[in-house]
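Peer 1:
In the working numbering, the protein residues as written are 4 to 303.
#1: Counting only runs of 3+ residues fully inside the segment 34-72, write out the beta strand (DSSP E) ranges in chain order.
#2: Hey, is the segment 198-208 in contact with the segment 271-280, meaning 3+ C-beta pairs nearer than 8 Å?
#3: Look at residue 79 and residue 90 and say whether their C-beta atoms are less than 7 Å apart.
#4: According to the neighbour-count rule (16 or more other Cβ atoms, all chains shown, within 10 Å of its Cβ), is residue 196 buried or exposed?
#5: If you measure between the beta carbons of residue 230 and residue 245, is that distance less than 7 Å?
#6: Taking C-alpha atoms, which residue in 143, 296 and 224 lies nearest to residue 284?
#7: Indicate whether residue 118 and residue 136 have their beta-carbon atoms separated by less than 7 Å.
#8: Per DSSP, which residues does residue 265 bridge with? Please list them.
#9: Please report the residue range of the alpha helix (DSSP H) in which residue 147 lies.
#10: Does the separation of the CB atoms of residue 211 and residue 302 fall below 7 Å?
#11: In the DSSP assignment, find the unbroken alpha helix (DSSP H) run with residue 239 in it and report its ends.
#12: Within 10 angstroms of the Cβ of residue 40, are there 16 or more other Cβ atoms? Answer buried if so, exposed if not.
#13: Can you give me the Cβ contacts of residue 186 inside the same chain, cut-off strictly under 7 Å, excluding the 5 residues immediately before and after it?
#14: Would you call the CB atoms of residue 5 and residue 141 closer than 7 Å?
#15: Check whether the Cβ atoms of residue 24 and residue 68 sit closer than 7 Å, and answer yes or no.
#16: Relative to the C-alpha of residue 289, which residue among 258, 256 and 250 is closest?
#17: Out of 291, 72, 158 and 56, point me to the one whose CA is closest to residue 63's CA.
#18: Express the C-alpha separation of residue 97 and residue 116 in angstroms, rounding to a whole number.
#19: Closer than 6 Å by C-beta to residue 133: which residues in its own chain qualify, once you throw out the five before and the five after it? Chain order, please.
#20: Note down the Cα distance separating residue 110 from residue 158, rounded to an integer number of angstroms.
#21: Using C-beta distances below 7 Å, list every residue in its chain close to residue 121, excluding the 5 sequence neighbours before and after it, in chain order.
Following this line, the structure appears as structure tokens:
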């Protein structure tokens with residue numbers, strides 16, 4: 004299962020219906036992408052156990068994206084038997100924590116803080132998480148990519164018809180071919196490559212066409228859309244994007260789905276922003292707190 008849950012979708016300040024930015028990504032492990040104020044309460048509301056968080060990834064150090072992490076750390080420390088919590092964050096996060104840790108009595112060994120730069124920052128059993136730079140005011144800001152490995156999948160009926168059995172399946176994957184009854188069977192004869200799933204989260208960013216290259220072919224692009232097109236100049240001034248700009252990135256990147264988040268409190272709901280985005284990219288929606296998206300593997 005690969006599932007994304009939006010825990011908070013507001014921008015800058017919370018509202019009665021939107022919490023601060025936070026996304027839960029569940030695969031073989033549970034990750035948080037950003038951890039805004041109230042994150043742990045939203046996790047409880049959505050049935051996501053805080054004790055199961057394997058790592059937290061922070062896009063940048065603006066308070067709306069990071070304020071929830073301090074309470075979450077303390078809750079995990081007090082209520083679980085965890086010996087360590089891993090946090091991937093931009094330069095400066097460790098210094099931010101240094102003023103809080105002594106007053107909370109946190110053992111430094113409990114926090115495994117890893118400073119992120121561009122490139123692969125986490126490797127799982129069959130997937131990677133990458134960080135890429137984004138342009139957001141003067142902050143040291145990043146977006147994240149979850150990329151599942153491509154996998155060879157067998158046409159079982161065809162493979163058995165050609166005589167493959169037992170260890171031959173392992174051998175053909177290693178060598179690319181196998182001898183069966185004096186005949187050579189190529190891997191491509193009995194299998195197809197299942198493309199790995201790809202999720203891209205921009206965090207906060209101005210309109211940047213370079214993101215389209217990073218997002219190319221993604222199954223899901225989560226792009227900030229703080230403003231409507233009528234406030235395009237303000238969006239640029241504040242280091243943010245409009246819904247239409249997010250849609251342009253989705254279109255250029257040939258992604259499958261676009262979800263807008265980081266919605267300004269000036270919009271009662273995100274429907275007007277979603278409509279603007281759909282003028283360019285039809286498969287666009289605006290997330291609300293609690294939106295869940297499950298991505299199924301490619302099938303043939």
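Using N, Cα and C, we set each Cβ at its ideal position, and we do this for glycine too.
Peer 2: For this structure:
#1: 56-60
#2: no
#3: no
#4: exposed
#5: yes
#6: 224
#7: no
#8: Answer is none; residue 265 lacks a bridge partner.
#9: Here residue 147 belongs to no alpha helix (DSSP H); instead the beta strand (DSSP E) covers 145-151.
#10: no
#11: 235-241
#12: buried
#13: none
#14: no
#15: yes
#16: 250
#17: 72
#18: 7 Å
#19: 123 and 148
#20: 53 Å
#21: 134, 135 and 136
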